[in-house]
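I have placed the structure first, in the form of structure tokens, so that the comments after it can refer back to it.
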Amino acid sequence: MFSDKLQAGKHYMYDHDLTGRLLSDPSYMFSLSRHSGSFFLKIGAVGFCFVHLIHSALLLTRKIMQLTSEKEDIRVHCGDSLGLILAILYPVYSFYQLFIIFKYSSVIINRCKELARFATMHCLATSLFFWLYMILIETSHSLHHDIKQTHVGTVHKYAGFSSSEEQYLSFIEFSPGNGEIPSTLAQIMNNSLVLSTTGLCDVDSDITTIISEFSPYLYPFSIEYSILVVGIWYIIWSNIGKVQEEKEVLSCLPHSSIVQTQYLENGLSNRLIIHADCHASNRGLFLGLLVLAGSIVVVFIIFIGSSDQEFMKHAVLASSLFEVLLLVMMIISVLIAYRQMTRLHINPNPISQLDDCLLFICIPLFFLYGIFCIVPALAVRNFLAIALILMQVVQVIIQTPFLIDALRRCSNSATLRARKPGREFVTFLIVANMAMWVLNTFEIKSHETHLERIRFYGQPLWTFLSHVTLPLTLFYRFHSSVCLVDVWKSAYEPGDH
0 MFSDKLQAGK HYMYDHDLTG RLLSDPSYMF SLSRHSGSFF LKIGAVGFCF
50 VHLIHSALLL TRKIMQLTSE KEDIRVHCGD SLGLILAILY PVYSFYQLFI
100 IFKYSSVIIN RCKELARFAT MHCLATSLFF WLYMILIETS HSLHHDIKQT
150 HVGTVHKYAG FSSSEEQYLS FIEFSPGNGE IPSTLAQIMN NSLVLSTTGL
200 CDVDSDITTI ISEFSPYLYP FSIEYSILVV GIWYIIWSNI GKVQEEKEVL
250 SCLPHSSIVQ TQYLENGLSN RLIIHADCHA SNRGLFLGLL VLAGSIVVVF
300 IIFIGSSDQE FMKHAVLASS LFEVLLLVMM IISVLIAYRQ MTRLHINPNP
350 ISQLDDCLLF ICIPLFFLYG IFCIVPALAV RNFLAIALIL MQVVQVIIQT
400 PFLIDALRRC SNSATLRARK PGREFVTFLI VANMAMWVLN TFEIKSHETH
450 LERIRFYGQP LWTFLSHVTL PLTLFYRFHS SVCLVDVWKS AYEPGDH
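Residue numbers (numbering that gives the first Met the number 0): 0 to 496.
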């Protein structure tokens, strides 16, 4: 395969066995337009997978400790061999999958097409399954962790019982509304799953504490990685057999024959040569860095105030005010950038649907999260929270079409390439979206931040709702930054670059 060696922005076709020869009906084809294999998106996938592997290693360690525990009840009811096998295979599969999508995300398959469709759809469904599986595991574990902290005496009222089943029944008999697990939630779960995520399976060691403390920060990366992979597998599946369409596009591209000739004469060039022209970006960059520093300070304030209830209220207020200010700046920046970038030309080069797909996957759950958050705020008339949620939704509604449009822009005139209209604001939006991602990621574990919603929905329901929707809102911020980096670079270059 030559996917990592071909020149970006053009399409070349090679048989997988023969090198250096263009074929009329190739078995494989690589579409290397600027969107099909975004280097920054791949770097993001590597980062998500890296944290996901750390999380998986912690879960695997817990499984091993349960299997080797000195307590017979833990070994019998929690240390299942199938769970251990899954805990081993999942990170191995994730790492191998990362290698495949990193190297072959832009491949177009033109042989054994029915088998290829089955295989890619199976991989897509597997990623969706692991997404839901991780939500279920982390929801159960989070519920147990919250109950353990708030109902220490109640959780152990059956401490004298020798039967693990009786302890299990004591765990699920709590009533909803006071932060406990309702029986209906436990009934839809497999018994071994519930047992493995309750106190019955806790091994007294530092690793149990580490998992409880760090899982809320790590599990969103596992979910975000799964969603990113789902988008990539979908694009690979949708491109199967579309060689003729790509050949027609290749014949229409400017200078395509010249580029092919130069390629065959001069050999392969390295795609991973990165250079950046930072003209018309300095002010946006430094303002963005200032905002990023502010978000990190807010995160530290929340962490410092977590042990002081009174101080924590002020920390949450400061966080909300900072986020409102940041959203106002982002809304203004998007509107100005949108207006200025209308001067740019439409890019004639074909683009893949990967960026659009990943953005639109997140939008419904982003809106659902906003609805789930605004209802409790309306109930208690928390006007600051209402304003914050509305601005989050408005900012996403404005930013998404801006990204869709900006990804299709180019600069075919020397004047536009020199002036780079809107680039300062694009630069600021790159860093601002990352700042929002940092802020929201480290607010996940802040109980005070979600206290209003917990009181309204009850601990079990809100834990489930937040675990389903919040990781996708985080992924939207990350992928917006990836798209904006692409815009920052490609929108100010010629369309046939």
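Ideal Cβ positions, reconstructed from N, Cα and C, are used throughout, including at glycine.
Computed from a prediction, not measured in an experiment: that's the story for all the values here.
message: Let me confirm a value: glutamine 391 is counted as buried when at least 16 other C-beta atoms fall within 10 Å, else exposed. Which label applies?
response: Here the question's residue 391 lines up with position 392 in the sequence shown. That one is buried.
- request: Under 8 Å by Cβ, that's how I've got alanine 86 and lysine 62 pegged, so tell me the actual separation to the nearest angstrom.
  value: Reading the sequence shown from its first residue, position 87 is the one you call residue 86. Reading the sequence shown from its first residue, position 63 is the one you call residue 62. Their Cβ separation, rounded to whole angstroms, is 5 Å, which keeps alanine 86 and lysine 62 in contact under 8 Å.
- prompt: Between threonine 462 and tyrosine 368, is the Cβ-Cβ spacing less than 8 Å?
  reply: For the purposes of this step, residue 462 is taken as residue 463 along the sequence shown, with counting starting at 1. For the purposes of this step, residue 368 is taken as residue 369 along the sequence shown, with counting starting at 1. Contact: no.
message: Does the contact criterion of 3 or more C-beta pairs under 8 Å hold for the segment 421-431 versus the segment 329-338?
response: yes
task: Verify whether the separation of the beta carbon atoms of leucine 353 and isoleucine 231 is less than 8 Å.
output: On the sequence shown, residue 353 is found 354 positions in, with the first residue counted as 1. On the sequence shown, residue 231 is found 232 positions in, with the first residue counted as 1. Result yes, Cβ atoms of leucine 353 and isoleucine 231 sit closer than 8 Å.
query: So what does valine 106 bridge to, in DSSP terms?
result: Position 107 of the sequence shown, counted from the first residue, corresponds to residue 106. According to DSSP, valine 106 bridges with Phe29.
task: Using the Cα positions of valine 395 and aspartate 355, report the straight-line distance between them to the nearest angstrom.
output: Here residue 395 refers to the residue found at position 396 when the sequence shown is read from its first residue. Here residue 355 refers to the residue found at position 356 when the sequence shown is read from its first residue. Computed Cα separation, rounded: 14 Å.
query: Given a threshold of 16 other Cβ atoms within 10 Å of its Cβ, counted over all protein chains shown, does tyrosine 499 qualify as buried or as exposed?
result: A question about residue 499 goes unanswered here, because the residues of the chain that appear run from 0 up to 496.
- request: Whole angstroms is fine: what's the gap from isoleucine 443's alpha carbon to leucine 227's?
  value: Along the sequence shown, one-based indexing puts residue 443 at 444. Along the sequence shown, one-based indexing puts residue 227 at 228. If you take the alpha carbons of isoleucine 443 and leucine 227, they lie about 20 Å apart.
- prompt: Between proline 90 and the rest of its own chain, which residues show a CB-CB distance below 6 Å, the 5 nearest in sequence each way excluded?
  reply: Here residue 90 corresponds to residue number 91 of the sequence shown, with the count starting at 1. Counting only Cβ-Cβ distances below 6 Å, and skipping sequence neighbours, we find Leu52, Ser55.
query: Near phenylalanine 474, which residues of its chain fall below 6 Å by C-beta distance, leaving aside the five closest residues on each side in sequence?
result: Working through the sequence shown from its first residue, we reach residue 474 at position 475. The answer, listed in chain order, is Glu223, Ile226, Cys361.
Identified DSSP bridge partners for cysteine 409: Here residue 409 is taken as the residue at index 410 of the sequence shown, counted from 1. His344.
query: Would you report the Cα separation of serine 93 and phenylalanine 441, rounded to the nearest angstrom?
result: Reading the sequence shown from its first residue, position 94 is the one you call residue 93. Reading the sequence shown from its first residue, position 442 is the one you call residue 441. Going by the C-alpha atoms only, they are around 24 Å apart.
field: Proximal residues to alanine 386 (C-beta, below 7 Å), its chain only, five neighbours per side dropped
entry: Mapped onto the sequence shown, residue 386 falls at position 387. Taken in chain order, the residues that qualify are Val323.
- prompt: For cysteine 77, does the three-state DSSP call read helix, strand or coil?
  reply: Against the sequence shown, residue 77 aligns to sequence position 78. Correct three-state label for cysteine 77: coil.
- prompt: How is the alpha helix (DSSP H) around tyrosine 475 delimited, first residue to last?
  reply: For the purposes of this step, residue 475 is identified with residue 476 of the sequence shown, where counting begins at 1. Note, tyrosine 475: alpha helix (DSSP H), 458-489.
message: Short of 7 Å in beta carbon distance, which residues of its chain neighbour valine 50, apart from the five on each side in sequence? Order them along the chain.
response: As a first step, residue 50 must be located in the sequence shown, where it is residue number 51. Answer for valine 50: Leu217, Phe220, listed in chain order.
query: Within this structure, are the beta carbons of cysteine 372 and isoleucine 397 separated by less than 8 Å?
result: For the purposes of this step, residue 372 is taken as residue 373 along the sequence shown, with counting starting at 1. For the purposes of this step, residue 397 is taken as residue 398 along the sequence shown, with counting starting at 1. Result no, Cβ atoms of cysteine 372 and isoleucine 397 do not sit closer than 8 Å.
message: Just to check my reading of the structure: isoleucine 210 and leucine 59 have Cβ atoms closer than 8 Å, yes? What is that Cβ distance to the nearest angstrom?
response: What you label residue 210 is simply residue 211 of the sequence shown in a count that begins at 1. What you label residue 59 is simply residue 60 of the sequence shown in a count that begins at 1. Not really, about 11 Å apart at Cβ, beyond 8 Å.
field: Burial state of glutamate 309 (16 or more Cβ within 10 Å)
entry: Your numbering for residue 309 matches position 310 in the sequence shown. Its Cβ having fewer than 16 others within 10 Å, glutamate 309 is exposed.
message: I need the DSSP call for aspartate 307, collapsed to helix, strand or coil.
response: Residue mapping note: residue 307 aligns to position 308 of the sequence shown, counting from 1. It is coil, neither helix nor strand.
- request: In the DSSP assignment, find the alpha helix (DSSP H) that holds cysteine 48 and state where it starts and stops.
  value: Residue numbering aside, residue 48 sits at position 49 when the sequence shown is read from its first letter. That run of the alpha helix (DSSP H) goes 38-66.
- request: Could you tell me whether the Cβ atoms of isoleucine 295 and valine 437 are closer together than 8 Å?
  value: Here residue 295 corresponds to residue number 296 of the sequence shown, with the count starting at 1. Here residue 437 corresponds to residue number 438 of the sequence shown, with the count starting at 1. Their beta carbons are under 8 Å apart, which means isoleucine 295 touches valine 437 by this criterion.
query: Taking the alpha-carbon positions, what's the phenylalanine 299 to methionine 311 distance?
result: Your numbering for residue 299 matches position 300 in the sequence shown. Your numbering for residue 311 matches position 312 in the sequence shown. Straight-line Cα distance between these residues: approximately 12 Å.
- request: Kindly list the residues whose CB is nearer than 6 Å to the CB of phenylalanine 39, restricted to its own chain and excluding five residues on each side of it in sequence; keep chain order.
  value: Your numbering for residue 39 matches position 40 in the sequence shown. Once the five neighbours on either side are set aside, the close Cβ partners of phenylalanine 39 are Val481, Val484.
message: Going by DSSP, what residue range makes up the alpha helix (DSSP H) through proline 375?
response: Working through the sequence shown from its first residue, we reach residue 375 at position 376. Counting along the chain, the alpha helix (DSSP H) containing proline 375 begins and ends at 353-379.
Spatial neighbours of isoleucine 239 in its chain, beta-carbon cut-off 6 Å, leaving aside the 5 residues before and after: Translated into positions along the sequence shown, residue 239 becomes position 240. Closer than 6 Å at Cβ, skipping near neighbours: Ile108, Lys112, Ala115, Arg116.
query: Is lysine 419 helix, strand or coil when you go by DSSP?
result: As a working mapping, residue 419 is identified with position 420 in the sequence shown. Of the three classes helix, strand and coil, the one that applies to lysine 419 here is coil, per DSSP.
message: Within a Cβ cutoff of 6 Å, which residues of the same chain sit near glycine 304, ignoring the five residues on either side of it in sequence?
response: By 1-based counting over the sequence shown, the position of residue 304 is 305. Closer than 6 Å at the Cβ level, and outside the excluded window around glycine 304, lie Phe310, Met311, Ala314.
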